[in-house]
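*Asks:* Please see the structure below; I have some questions.
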Amino acid sequence: MFQRMVLLSLMCLTACGGSRVPTGPGSPPDATEDGWAVASFEDQGVQRSWFDWLEHDIQEGTVEMPDAVVVARDGKLLYERYWNGFTRDEAHDLRSATKSLTSLLVGIAHERGILPDLDAPVLSLLPHLLPVRNPDPRKERITLRHLLQMRSGLACDDWDPKSPGNEEEMYDTDDWVRFMVDVPMKDEPGTVTHYCTGGVVLLGAVLEHASGRTVTDLSREWLFAPLKVQDFAWEAAGKKGTDTGGHLRLRPRDFLKVGQVMLDGGRWQGERLVSAEWVAESSKALGPLGDAAYGHLWWSGPIVIQGVTVEVFFARGNGGQYVLVAPSLGLTAAFTASHYNEAGSVLPLVLFGRYVLPAVLGFERPGPGAAASPGPTRTSPSAQPGPGRTSSRTR
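Taken in order, the sequence shown gives residues 0 to 394; the numbers are from numbering that gives the first Met the number 0.
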């Protein structure tokens, strides 16, 4: 199914304004004080010609423009480019890729004893919101684990505009958390998977109530300070709390650090941030969700290119915000883009599968202009409605 969808998406990835000439150092990237070691393609055994072709195809309009592409291998940053007027110093809206960082925060809170039991009922952790509307015994059985797996049983489906808990309905309220606990039930918790942004907002509310601190403070101490991330911003969940389901802003180089932490089993340059067990559980395919497999707020699936299968897991958000991790290759790549609610939202999968993976796998490639671009790769995650695609919000 994905192969057909990507073919259709590629037909839509045509020129539509903006500067097609990249900025940024390319390879090797600049060494700054943000914690990244840098290397060249040659240092890492990566074929430079594939990245030359990537830039060529973007400039010629063969594929649509991203806003940023940054790539690291074996813990070293080896490629950094920007388009559309974006720069290294500009934080980008990550949309629903934010959810995967929320998973990390929940994991850290669990391991620090702030949320000791992932099977604890959510309503018991938010007693100040009781009683709730639409009371139902099933609602009392929703756990933190169910929210992490998008299996709350609430009548919440962001891919169904008629769903009572659809994110657009939530956005129109002042108190997103109250809205979500009042949503009626549809299924027994843990039995059916539906993509529900509001459920991840509930996780943020539980984090803040259990710790007595804001998500901004927690993320700064637990993640961003160790990662040397200074420029980050969470948005509000209406007029109360934090939007942990989307719209976190990070610079692309800092977004990539999240992928590196996951690749290194929860460590950043030797410092343990979260356990390897949490990373494994988060990225493990627990079942299908739409076009890919889902774990604890992380997606996963295989990419097959020229007969080679590469297993990847990733965070992703509407418009083309992705961080992809290929453990077998020691590879992580971050992409940002502005193709909100467009076919171009799948662009990072195309760029990763068509250019980045062949370069790292060592497939030979002539320089730009010498041959036509190769056929599309076959991958699991597709261009059908994905995280946050129903939302028109650009907040």
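Backbone N, C-alpha and C fix where the C-beta goes; we use that ideal spot for every residue, glycine too. A quick note: this is a predicted structure, and the numbers were derived from the prediction, not measured.
Going by Cα to Cα distance, which pick from Arg-150, Arg-87, Arg-250, Val-324 is closest to His-295?
*Replies:* Translated into positions along the sequence shown, residue 295 becomes position 296. Measuring from the Cα of His-295, the nearest candidate turns out to be Arg-150.
*Asks:* What whole-angstrom Cβ distance do Arg-252 and Arg-80 have, given they're in contact under 8 Å?
*Replies:* Here the question's residue 252 lines up with position 253 in the sequence shown. Here the question's residue 80 lines up with position 81 in the sequence shown. Wrong, their Cβ atoms sit about 12 Å apart, outside the cutoff.
*Asks:* In the DSSP assignment, the alpha helix (DSSP H) including Lys-98 goes from what residue to what residue?
*Replies:* Numbered from its first residue, the sequence shown carries residue 98 at position 99. From DSSP, the alpha helix (DSSP H) with Lys-98 extends over 97-110.
*Asks:* Over the uninterrupted alpha helix (DSSP H) stretch that includes Ile-57, give me the two end residues.
*Replies:* Locating residue 57 in the sequence shown gives position 58, where the first residue counts as 1. Counting along the chain, the alpha helix (DSSP H) containing Ile-57 begins and ends at 47-59.
*Asks:* Take Val-37 and list the residues in its own chain whose beta-carbon comes closer than 8 Å to its own, dropping the five residues that flank it on each side.
*Replies:* Position 38 of the sequence shown holds residue 37. For Val-37, where only same-chain residues beyond five positions count, the Cβ hits under 8 Å are Pro-27, Pro-28, Asp-29, Ala-30, Lys-75, Leu-76, Leu-77.
*Asks:* Val-307: which of Val-182, Asp-135, Leu-360 sits nearest, CA to CA?
*Replies:* In the sequence shown, counting from the first residue as 1, residue 307 sits at position 308. For Val-307, the nearest C-alpha among the options comes from Leu-360.
*Asks:* Three-state secondary structure (DSSP) at Gly-198?
*Replies:* The count along the sequence shown starts at 1 and reaches residue 198 at position 199. In this structure, Gly-198 counts as helix in the three-state DSSP scheme.
*Asks:* When you compare only the Cα positions, how much space is there between Thr-190 and Gly-152?
*Replies:* Residue numbering aside, residue 190 sits at position 191 when the sequence shown is read from its first letter. Residue numbering aside, residue 152 sits at position 153 when the sequence shown is read from its first letter. Looking at the two C-alpha atoms, the distance is approximately 7 Å.
*Asks:* If contacts are defined as beta-carbon pairs under 8 Å, then Leu-125 and Ala-204 qualify, I think. What distance do you get, rounded to the angstrom?
*Replies:* Within the sequence shown, the letter at position 126 stands for residue 125. Within the sequence shown, the letter at position 205 stands for residue 204. Their Cβ separation, rounded to whole angstroms, is 6 Å, which keeps Leu-125 and Ala-204 in contact under 8 Å.
*Asks:* Is the separation between the beta-carbon of Ala-333 and that of Leu-272 shorter than 9 Å?
*Replies:* As a first step, residue 333 must be located in the sequence shown, where it is residue number 334. As a first step, residue 272 must be located in the sequence shown, where it is residue number 273. Not in contact: Ala-333 and Leu-272 (Cβ atoms no closer than 9 Å).
*Asks:* On a CA-only basis, which of Ala-119, Thr-97, Met-179 is nearest Gly-316? Give me that one, please.
*Replies:* In the sequence shown, the residue the question calls residue 316 occupies position 317. Nearest option by C-alpha distance: Thr-97.
*Asks:* State the Cα-Cα distance for the pair Asp-66 and Gly-84, rounded to the nearest angstrom.
*Replies:* Translated into positions along the sequence shown, residue 66 becomes position 67. Translated into positions along the sequence shown, residue 84 becomes position 85. When rounded, the distance between both Cα atoms is 8 Å.
*Asks:* Ordered along the chain, which non-local residues of its own chain (more than five positions away) have a Cβ less than 6 Å from that of Gly-34?
*Replies:* The sequence position of residue 34 within the sequence shown is 35, counting from 1. Result list for Gly-34: Lys-227, in chain order.
*Asks:* Enumerate, from N- to C-terminal direction, the unbroken alpha helix (DSSP H) stretches of 4 or more residues contained entirely within the region 269-339.
*Replies:* Segments of the alpha helix (DSSP H) lying fully in the region 269-339: 275-282.
*Asks:* Assuming Ile-113 and Ala-209 are in contact, meaning their beta carbons sit under 8 Å apart, how far apart are those beta carbons, in whole angstroms?
*Replies:* As a position in the sequence shown, residue 113 is number 114, starting the count at 1. As a position in the sequence shown, residue 209 is number 210, starting the count at 1. Their Cβ separation, rounded to whole angstroms, is 5 Å, which keeps Ile-113 and Ala-209 in contact under 8 Å.
*Asks:* What first and last residue would you give for the alpha helix (DSSP H) that runs through Glu-41?
*Replies:* One-based indexing of the sequence shown puts residue 41 at position 42. From DSSP, the alpha helix (DSSP H) with Glu-41 extends over 40-43.
*Asks:* Looking only at its own chain, which residues have a Cβ that is under 6 Å from the Cβ of Val-45, when we skip the five neighbours before and after it?
*Replies:* Here the question's residue 45 lines up with position 46 in the sequence shown. These residues qualify, in order along the chain: Ala-358, Val-359.
*Asks:* Locate the beta strand (DSSP E) running through Gly-23, then write down its first and last residues.
*Replies:* One-based indexing of the sequence shown puts residue 23 at position 24. Its beta strand (DSSP E) spans residues 22-25.
*Asks:* Flag this pair as yes or no: are the beta carbons of Thr-335 and Leu-323 separated by less than 9 Å?
*Replies:* On the sequence shown, residue 335 is found 336 positions in, with the first residue counted as 1. On the sequence shown, residue 323 is found 324 positions in, with the first residue counted as 1. No; because the gap between Cβ atoms is not below 9 Å, this pair is not in contact.
*Asks:* Around the Cβ of Ser-102, are there at least 16 other Cβ atoms within 10 angstroms (buried) or fewer (exposed)?
*Replies:* Counting from one through the sequence shown, the residue named residue 102 turns up at place 103. By the 10 Å Cβ count, Ser-102 comes out buried.
*Asks:* With a CB to CB cut of under 6 Å and the five nearest residues on each side skipped, what residues in its chain are close to Met-261?
*Replies:* Along the sequence shown, read from residue 1 onward, the residue named residue 261 stands at position 262. Result list for Met-261: Val-278, Val-324, in chain order.
*Asks:* Going straight from the alpha carbon of Ala-369 to that of His-91, what length do you get?
*Replies:* Start at 1 with the first residue of the sequence shown, and residue 369 comes out as number 370. Start at 1 with the first residue of the sequence shown, and residue 91 comes out as number 92. Model confidence at Ala-369 stands at a pLDDT of 45, short of 50, so the residue's coordinates are unreliable and nothing is read from them.
*Asks:* Where do the N-terminal and C-terminal ends of the beta strand (DSSP E) with Asp-75 fall, by residue?
*Replies:* For the purposes of this step, residue 75 is identified with residue 76 of the sequence shown, where counting begins at 1. The residue asked about is misnamed: residue 75 is Lys in this sequence, not Asp. Lys-75 -> beta strand (DSSP E) spans 75-81.
*Asks:* Could you name the residues of the same chain whose beta carbon sits closer than 7 Å to that of Leu-117, not counting the 5 residues immediately before and after it, in chain order?
*Replies:* One-based indexing of the sequence shown puts residue 117 at position 118. So the qualifying residues of the chain are His-109, Thr-142, Leu-143, Arg-144.
*Asks:* Nearest by alpha-carbon distance to Glu-339: which of Asp-156, Leu-288, Arg-94 is it?
*Replies:* For the purposes of this step, residue 339 is taken as residue 340 along the sequence shown, with counting starting at 1. Here residue 339 is Tyr; the residue named in the question, Glu, does not match the sequence. Checked all of Asp-156, Leu-288, Arg-94; the closest Cα to Tyr-339 is Arg-94.
*Asks:* How big is the Cα-Cα spacing for Val-70 and His-193?
*Replies:* For the purposes of this step, residue 70 is identified with residue 71 of the sequence shown, where counting begins at 1. For the purposes of this step, residue 193 is identified with residue 194 of the sequence shown, where counting begins at 1. Near 31 Å, if we compare the C-alpha coordinates of His-193 and Val-70.
*Asks:* I'd like to know whether the C-beta atoms of Ile-304 and Glu-310 end up nearer to each other than 9 Å.
*Replies:* Along the sequence shown, read from residue 1 onward, the residue named residue 304 stands at position 305. Along the sequence shown, read from residue 1 onward, the residue named residue 310 stands at position 311. No, the Cβ-Cβ distance between Ile-304 and Glu-310 is not below 9 Å.
*Asks:* Spatial neighbours of Gln-43 within its chain, please: C-beta separation below 7 Å, excluding the five flanking residues on both sides.
*Replies:* Mapped onto the sequence shown, residue 43 falls at position 44. Cβ neighbours of Gln-43 beyond the five flanking positions: Arg-72, Asp-73, Lys-75, Leu-77.
*Asks:* Do you know offhand how far Arg-219's Cα is from Ala-232's?
*Replies:* The count along the sequence shown starts at 1 and reaches residue 219 at position 220. The count along the sequence shown starts at 1 and reaches residue 232 at position 233. Distance between the alpha carbons of Arg-219 and Ala-232 is about 10 Å.
*Asks:* Given His-127, which residues of its chain have a CB within under 8 Å of its CB, disregarding the five upstream and five downstream residues?
*Replies:* Counting from one through the sequence shown, the residue named residue 127 turns up at place 128. Cβ neighbours of His-127 beyond the five flanking positions: His-208.
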